[in-house]
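Undergrad: Using this note's numbering, you'd call the opening residue of the sequence shown number 2 and step up by one each time.
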Amino acid sequence: MLLIRIARFLAGLLLIPVCAAASMALYGILREIQPGTVPPDAWWLVGGFVFWLFIYVALPRPVRTYILAHELTHALWGWMMGARVSNLKVAEDKGSVTLSKTNFLITLAPYFFPLYTMLTLCLFGVLGLFYAVDRYHLWWMGMVGFTWGFHFTFTVSTLMQHQSDIRSCGYLFSYTFIYGLNVLGIGLWTVAVTPATVERYVTHFKTGLVDSSIVGMDLVTALVEWVR
């Protein structure tokens, strides 16, 4: 158990440059986008996100709806990885699900996997097999932004509280892993709905990874010299 904790701590340290690179890549492609070139899809996506923020601030928060998504995500990822799922319970302020096995992906999945966003995309795809839903694609983009805003706000607020999921996987590893995947997700959505390209994103990511790794090595070297 001690070796696992040490390994996860070291993995968390290694993920810090990755998080920095993902952040710099996102900033890089956003900075390159000219305001006049942003398509309606992007504005609807952002609009859905902002609309959710208004609801989150102005109205009673649907905590139970989030708890349901949280436990269902544990169950979904557990099922995908071969675990037996049982005893799913959702209350006003807590929830639980019993799994025959677990790992860090199952444990941390609710913090990086936006379940309602994925369900929205799946519903759009399924309906598209039977109906001409393309004419409503802007509304769907708004729903994607709305549901991702739901995921974002509740993930942030949940992480500000004591979470057994985070403690069991190690704080440094959990926070860097969750942050990195969420920022990468934002980057991919930015590429999908704006003129930004995958090539430019990868270029910014590589540059950021090299720069942040150099800074990290310099800090480690300075720390070693200071200890000596």
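The C-beta atom is built at its ideal place from N, Cα and C for all residues, glycine as well.
Taking the alpha-carbon of Thr118 as reference, which of Met218, Thr222, Thr204, Ile187 has the nearest alpha-carbon?
TA: If we check each option's Cα against that of Thr118, Ile187 comes out closest.
Undergrad: Less than 8 Å separating the beta-carbons of Val91 and Glu72?
TA: The answer is yes: Cβ separation under 8 Å.
Undergrad: Taking Ala193 as the reference, give the member of Gly37, Asp42, Ala21 with the closest Cα.
TA: Among Gly37, Asp42, Ala21, the Cα nearest to that of Ala193 is on Asp42.
Undergrad: For Gly146 versus Arg9, is the C-beta distance shorter than 8 Å?
TA: No, the pair does not count as a contact, with Cβ atoms beyond the cut-off.
Undergrad: Can you tell me whether DSSP reads Ser97 as helix, strand or coil?
TA: Residue state, collapsed to three classes: strand.
Undergrad: Just to confirm the assignment, what range does the alpha helix (DSSP H) spanning Asn183 have?
TA: Segment 172–194, the alpha helix (DSSP H) holding Asn183.
Undergrad: Tell me whether Ala59 is buried or exposed, calling it buried when 16 or more other Cβ atoms sit within 10 Å of its Cβ.
TA: Flag for Ala59 reads exposed.
Undergrad: When DSSP labels each residue in this structure, what does Lys90 get in the three-state scheme?
TA: DSSP places Lys90 in strand when its eight states are reduced to three.
Undergrad: Please confirm if the region 50–64 is in contact with the region 207–220, defined as three or more CB-CB distances below 8 Å between the two stretches.
TA: Not touching, per the Cβ criterion.
Undergrad: Please give the ranges of any beta strand (DSSP E) in the region 13–74, keeping only runs that are unbroken, at least 3 residues long and fully inside the region.
TA: As far as the region 13–74 is concerned, it has no whole beta strand (DSSP E) run of at least 3 residues.
Undergrad: Which first and last residues belong to the alpha helix (DSSP H) in which Val205 is found?
TA: Strictly speaking, residue 205 in this sequence is His, with Val absent from that position. Where His205 is concerned, the enclosing alpha helix (DSSP H) stretches over 199–228.
Undergrad: Considering only the beta carbon of each residue, do Trp108 and Ser169 sit closer than 8 Å?
TA: Note that residue 108 is Thr in the sequence shown, not Trp. Result yes, Cβ atoms of Thr108 and Ser169 sit closer than 8 Å.
Undergrad: For Ser214 and Pro18, what's the separation of their Cα atoms in angstroms?
TA: About 6 Å.
Undergrad: Drop a sphere of 10 angstroms on the beta-carbon of Asp94, count the other beta-carbons inside from all chains shown, and report buried for 16 or more, exposed for fewer.
TA: By the neighbour-count rule (16 or more Cβ atoms within 10 Å), Asp94 is not buried but exposed.
Undergrad: Report the three-state DSSP secondary structure of Ala84 (helix, strand or coil).
TA: Coil at Ala84, not helix or strand.
Undergrad: Could you check what DSSP says for Met119 in three-state terms: helix, strand or coil?
TA: Of the three classes helix, strand and coil, the one that applies to Met119 here is helix, per DSSP.
Undergrad: Within the same chain, show all residues whose beta-carbon is closer than 6 Å to that of Val221, passing over the 5 residues directly before and after it, in chain order.
TA: Excluding sequence neighbours, Val221 sits near nothing in its chain.
Undergrad: Do Ala197 and Thr191 come within 8 Å of each other at the CB atom, strictly closer than that value?
TA: A contact, by the Cβ cut-off of 8 Å.
Undergrad: In the DSSP assignment, find the alpha helix (DSSP H) that holds Ala110 and state where it starts and stops.
TA: It spans 105–113 - the alpha helix (DSSP H) in which Ala110 sits, taken as one unbroken run.
Undergrad: Would you report the Cα separation of Ala84 and Leu106, rounded to the nearest angstrom?
TA: Going from the Cα of Ala84 to the Cα of Leu106 covers about 12 Å.
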